[in-house]
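Residue numbers (our numbering), protein chains in the order written: chain A, 12 to 235; chain B, -16 to 234.
C-beta atoms are modelled at their ideal positions from N, C-alpha and C, and glycine is treated no differently.
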Amino acid sequence: MTHLDKESQQLKADMIGMWNLVISQLNKTREALLNFDKDMAHEVVANEKRVNGNELKIDRDCENIFALFNPVAIDLRFTLAVLKINSNLERTGDMADGIGRFILNGNGPFDHELLKLTQVLHMYEEASSMLVDTLTAFEHENTKIARSIFKRDEILNQINIISIKVVTEYIQAHPENTEQALIILSIIRKLERVGDHCKNIAEEIIFYIEAKVLKHASKKQKAE
Amino acid sequence: MNHIIATEKLNLYYNDFHALKNISMQMRPNTVTALIGPSGCGKSTYLRLFNRMNDLIDGVKITGDVRVEGKDIYAKNTDVVELRRKVGMVFQKPNPFPKTIFENVAYGLRVNGINDNGFIKDKIEQSLVQAALWDEVKDKLNKSAFELSGGQQQRLCIARALAIEPSIILMDEPASALDPISTAKIEELIYELKENYTIVIVTHNMQQAGRVSDNTAFFYLGELIEYGETKEIFTNPKDKKTQNYITGRFG
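Below is the structure:
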């Protein structure tokens, strides 16, 4: 194993750690929302510093690899992909932090009918499993799993699109819960962004393994 | 003309040893082509084909086609002196003649029968300027070439090659014996010379190949494994052997 192999292996381990932290952050906001658990929401907000710290460390490690090893070919694509995935994971962590702050400042518990009508919990399941699957794709260099992400992002987009109508109708029927409904709408927006980050991450995984650039590609090109 | 250098089904043997195997490759004018590969892969042998330097080695046998500017340079009627005027060469270690700086550059002109001192003087200045050495030596042209540093000596050898106006310059690891500053100067020079010359360079330094060349050819055990745009070779090589070599995982 070359020196660069060892450095890349360590970088990969650190990335997996970052991924697991962000997945756990997102899942905790789901629990906090469902049970109106402000302690859990507080924990998510406090953990955001760890996410940021991980991001800085991984950035620095990538910078060192570029400067010291001049990576080429698959090593170059791996390091470039890690750098970009790192940024997408940090932004996903920001989304969890934002949701945590909504819950901390909101009046709860949240109406379960609202959660059901808006499909926000379904969005959570989808977003969380997309994050887990991008991690599996990265860890096992599996582009088939990475490609499955693109279609699933559309599910999140669809729920997001209809959410305005759903929330408006809910507010009309339950004007006393307007604040809650607006918080849920904001959470839906953030979960939709998580889907976008997963899509970006999947594109980077495919770039790293297959050297194909899928950014801004059509659905058909992405399926190939 | 699309290709200034071309080989077609080229095979070269050192007695029984098959050193180059069926190499077909073309190079366009005003490009830099890097030949890379592990020691003994045939890249220097391939480079030396183009000014027939391999002729000097006993037991060499060549089959196939080698063309420079469209002409078969291994045809019986080839004037090898004329060929070497057209195809200059710079070696790994600077090899100035034990003469003055001026006479080193003038040498090629004099052996080509040029005696006009005014012309020679102008040509020397022009060549030294092109080789990015003029400012450093203009006040000591009559000093021995051996008084120059290694990097300066190598640029002097490049000036010597340029003086006789070749169209192609072959470089066999031209910066491997130089410090990083001199290496950077040679690389910068290669980049500038590309405007007027076609350059083929053998290098063991992957980053150097990446920095200076337009196209890269990877040789292994006498075979041309992959040849293409340098950008492509260094980001997405098609052959596993190329990837293993350029990422340092070979063998």
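Assignment of PHE161 of chain A by DSSP, reduced to helix, strand and coil, places it in the helix class. Between GLN191 of chain B and chain A, the shortest Cβ-Cβ separation is not below 8 Å.
The three-state reading of DSSP puts GLY71 of chain B in strand, counting E and B together.
Of the candidates B:ASN219, B:THR230 and B:PHE201, the residue whose Cα lies closest to the Cα of CYS24 of chain B is B:PHE201.
Contact between ILE184 of chain B and ALA17 of chain B is confirmed by a C-beta separation of about 5 Å, below the 8 Å threshold. Neighbourhood of ILE27 of chain A in chain B, by CB distance below 8 Å: empty, with the nearest CB roughly 22 Å away. Here ARG71 of chain A is exposed: its Cβ has fewer than 16 other Cβ atoms, across all protein chains shown, within 10 Å. For ILE96 of chain A, no CB of chain B lies under 8 Å from its own CB, so it is not counted at the interface with that chain.
GLU190 of chain A is classed as exposed because its beta carbon has fewer than 16 other beta carbons within 10 Å across all chains shown.
Distance between LEU39 of chain B and LEU66 of chain B, taken at the CA atoms: about 15 Å. For ASN13 of chain B, the CB contacts under 8 Å within the same chain, skipping 5 residues up- and downstream, are LYS177, GLU178, ASN179, TYR180 and THR181 in chain order. In the structure shown, ILE56 of chain B falls within a coil segment according to DSSP collapsed to helix, strand and coil. Across the set A:PRO186, A:GLU165, A:GLU137 and A:ILE212, the C-alpha of A:ILE212 shows the shortest separation from the C-alpha of PHE149 of chain A. Against chain B, the CB of ALA84 of chain A has a partner CB under 8 Å away; the residue lies at that interface. In the three-state reduction of the DSSP assignment, VAL224 of chain A falls in the coil class. The Cβ of PHE33 of chain B sits no closer than 8 Å to any Cβ of chain A. Neighbours of ILE229 of chain B in chain A, taken as residues whose beta carbon is under 8 Å from its own, are VAL83 and ALA84 in chain order. Contact between ILE69 of chain A and VAL33 of chain A does not hold, since their C-beta atoms are separated by about 12 Å, which reaches or exceeds 8 Å.
For the beta strand (DSSP E) assignment, the region 146 to 205 of chain A encloses no uninterrupted run of at least 3 residues. For THR16 of chain B, the three-state secondary structure derived from DSSP is strand.
At a cut-off of 8 Å between beta carbons, THR13 of chain A contacts chain B.
Within chain A, the residues placing a beta-carbon under 9 Å from that of PHE217 of chain B are VAL83, ALA84 and LEU87, ordered along the chain. THR181 of chain B sits in a strand when the DSSP states are folded into three classes.
Judged by their CB atoms, GLN135 of chain B and LEU111 of chain B are not nearer to each other than the 8 Å cut-off. ILE152 of chain B carries a strand assignment under DSSP once its states are collapsed to helix, strand and coil. The alpha carbon of GLN137 of chain B has as its nearest neighbour, out of B:PRO79, B:THR46 and B:PHE217, the alpha carbon of B:PRO79. Interface annotation, ALA92 of chain A: not in contact with chain B, CB-CB separation never under 8 Å. In this structure, ILE170 of chain A lies near ILE199 of chain A, with their beta-carbon atoms less than 8 Å apart. By the Cβ test, the region 167 to 181 of chain A is not in contact with the region -14 to 2 of chain B, since fewer than three Cβ pairs between them sit closer than 8 Å.
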